[in-house]
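Colleague:
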Amino acid sequence: MIGKNIDQEIKNAMLAKDQARLRGLRAIKAAFLLAKTEKGSTDEISEEGELKILQKLVKQRRESADIYKQQGREDLSAIEEEEIAVISDFMPSQLDAEAVRKVISRLIETSGASSMKDMGRIMGLANKELAGKADGKLIAEIVKQELA
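Numbered per the working numbering, the sequence shown spans residues 6 to 153.
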């Protein structure tokens with residue numbers, strides 16, 4: 006559970022005067038607190054829930070970094086990239102494209118999918134099996150290639 010370690014990590018970053026790490030850790034803590042206080046939620050967040058939150062934070066920062074790069078704001082893009090690195094430290098290691106392709110090929114074989122009509126079903130299976138281990142865009146891209 007990441008939420009339990011985050012306060013200690015924040016203290017360590019403060020003592021080390023590591024501003025980039027501190028920003029990333031505070032973003033994680035804020036997202037977890039927000040999730041805990043949402044209507045209908047419990048006091049605890051499951052590991053799966055924590056992983057989804059971290060994925061969302063990384064995705065938001067990637068999108069922001071891309072926009073900043075397009076606008077020529079390398080200074081702001083660098084800040085987003087630093088935060089991505091900090092948040093990614095708390096996520097499981099990501100699979101490379103070849104490993105994702107193997108998993109998707111196996112899913113297509115076992116499910117009997119044969120055309121693009123089956124993409125939704127394969128995406129559901131792939132997202133379930135590769136949760137937190139691969140980026141959704143990469144999964145979708147490979148599923149399209151394999152079914153085409």
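Idealized CB from N, CA, C, for every residue including glycine.
Taking the alpha-carbon positions, what's the D23 to D80 distance?
Modeller: Here residue 23 refers to the residue found at position 18 when the sequence shown is read from its first residue. Here residue 80 refers to the residue found at position 75 when the sequence shown is read from its first residue. About 17 Å.
Colleague: Is A102 helix, strand or coil by DSSP?
Modeller: As a position in the sequence shown, residue 102 is number 97, starting the count at 1. Note: A102 maps to helix in three-state DSSP.
Colleague: Contact check, M96 vs L56 under 8 Å by CB: the rounded distance?
Modeller: Along the sequence shown, one-based indexing puts residue 96 at 91. Along the sequence shown, one-based indexing puts residue 56 at 51. Yes, they are in contact, since the Cβ atoms of M96 and L56 sit about 7 Å apart, within 8 Å.
Colleague: Quick test of the definition: if touching needs 3 or more C-beta pairs under 8 Å, does the segment 56 to 70 touch the segment 117 to 125?
Modeller: No: the two stretches stay apart, fewer than three of their Cβ pairs being nearer than 8 Å.
Colleague: Where E52 and I7 are concerned, what is the direct C-alpha to C-alpha distance, given to the nearest angstrom?
Modeller: Residue numbering aside, residue 52 sits at position 47 when the sequence shown is read from its first letter. Residue numbering aside, residue 7 sits at position 2 when the sequence shown is read from its first letter. If I take the Cα positions, the gap works out to 8 Å.
Colleague: Sorted by chain position, which residues of the same chain lie with C-beta nearer than 7 Å to A139's C-beta, five sequence neighbours on each side aside?
Modeller: Translated into positions along the sequence shown, residue 139 becomes position 134. Excluding positions up to five away in sequence, the list reads Q99, L100 and V105.
Colleague: Is K44 helix, strand or coil when you go by DSSP?
Modeller: Residue 44 sits at position 39 when you count from the first residue of the sequence shown. K44: coil per DSSP, three-state reduction.
Colleague: Is it right to say G29 is buried, meaning 16 or more other beta carbons lie within 10 angstroms of its own, or is it exposed?
Modeller: Indexing the sequence shown from 1 puts residue 29 at position 24. By the 10 Å Cβ count, G29 comes out buried.
Colleague: If you measure between the beta carbons of R67 and I89, is that distance less than 9 Å?
Modeller: Position 62 of the sequence shown, counted from the first residue, corresponds to residue 67. Position 84 of the sequence shown, counted from the first residue, corresponds to residue 89. Against a cut-off of 9 Å, the Cβ pair of I89 and R67 comes out as a contact.
Colleague: According to DSSP, is F37 part of a helix, a strand, or is it coil?
Modeller: Position 32 of the sequence shown, counting from 1, holds the residue named residue 37. F37 falls in the helix class under three-state DSSP.
Colleague: So the candidates are S82, K107 and Q75; which of them puts its Cα closest to the Cα of Q150?
Modeller: Walking along the sequence shown from the start, residue 150 turns up at place 145. Of S82, K107 and Q75, the residue nearest in Cα terms is K107.
Colleague: Going along the chain, which unbroken runs of the alpha helix (DSSP H) with 4 or more residues stay wholly within the segment 112 to 153?
Modeller: Here the runs fully enclosed are 124 to 134 and 141 to 152.
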